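Chains A and B, in that order, give the protein sequences. Residues in the first sequence are numbered consecutively from 656, following my numbering. Residues in the second sequence are numbered consecutively from 656, following my numbering. Glycine residues also receive a C-beta, built at the ideal position from the N, C-alpha and C atoms. Quantities reported herein were computed from a predicted structural model and do not represent experimental measurements. Some notes on the structure that comes next.
2 protein chains.
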Amino acid sequence: MPRVVVDVMLKPEILDPQGQAVANALPRLGVSDVASVRIGRRIEIEFTGEPDLDRAREIADKLLANPVIEDFTVRVVTDETAGAPS
Amino acid sequence: MPRVVVDVMLKPEILDPQGQAVANALPRLGVSDVASVRIGRRIEIEFTGEPDLDRAREIADKLLANPVIEDFTVRVVTDETAGAPS
């Protein structure tokens, strides 16, 4: 069933301490080739009818993202393009 | 620059109170055609060299996701496929 996915990420100029904590932990796992880690939110919205991108954008703007520090993108995802669980 | 995106979502059978809170708030915005909202995490990993999917999968498994309650998917994203900010 198609759904709308909203990706919310901190703006590039905003510091991401959570991502930095992960990046700093990586050498302990033996990983040394990671330049940066940034952590945001992924929200999946299922509509009762057709997925509505404009509606999803409105929801994201009012409820899901803080436009002062975050950017968001909105897209329709079908199960085929969502990718198989790893 | 290509990076690896890890999407972490609660397993479908796990209750998502955060998403439910958003879904319950929607009628107050005049939105009545949303069936469900689920909130997860999106992690962007930038490698110093080539993006390494297997490495990213290992990081996700050990550090980013709780495999008891969460599923994750790993994919390479270039700036072209990432979508323009809305």
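Just to confirm the assignment, what range does the beta strand (DSSP E) spanning residue i have?
i: VAL663 (chain B); result: 658 to 665
Which of the three DSSP states, helix, strand or coil, is assigned to residue i?
i: ILE694 (chain B); result: strand
i: VAL689 (chain B); result: strand
i: ALA739 (chain A); result: The predicted position of ALA739 (chain A) is uncertain, since its pLDDT is 48 and thus under 50; a value taken from the coordinates is nonetheless stated next. It is coil, neither helix nor strand.
Do residue i and residue j have their C-beta atoms within less than 8 Å of each other?
i: LEU718 (chain A); j: ALA680 (chain B); result: yes
i: VAL661 (chain A); j: ILE698 (chain A); result: yes
i: ILE714 (chain A); j: LEU665 (chain A); result: no
i: ALA720 (chain B); j: VAL659 (chain B); result: no
i: ASP709 (chain B); j: ASP688 (chain A); result: no
i: VAL692 (chain B); j: ALA711 (chain B); result: no
Assign residue i to buried or exposed, taking buried as 16 or more other Cβ atoms, counted over all protein chains shown, within 10 Å of its Cβ.
i: ILE685 (chain B); result: A small correction: the amino acid at residue 685 (chain B) is Gly; Ile does not occupy that position in the sequence shown. Looking at its Cβ environment, which holds fewer than 16 other Cβ atoms inside 10 Å, GLY685 (chain B) is exposed.
i: MET656 (chain B); result: exposed
i: ILE669 (chain B); result: exposed
i: GLY674 (chain B); result: buried
i: GLY695 (chain B); result: buried
i: ALA676 (chain B); result: exposed
i: ASP671 (chain B); result: buried
i: ARG683 (chain B); result: exposed
Kindly indicate the opening and closing residues of the alpha helix (DSSP H) around residue i.
i: GLU725 (chain A); result: No alpha helix (DSSP H) holds GLU725 (chain A); the beta strand (DSSP E) holding it covers 725 to 732.
i: LEU708 (chain B); result: 708 to 714
i: GLY674 (chain B); result: 672 to 680
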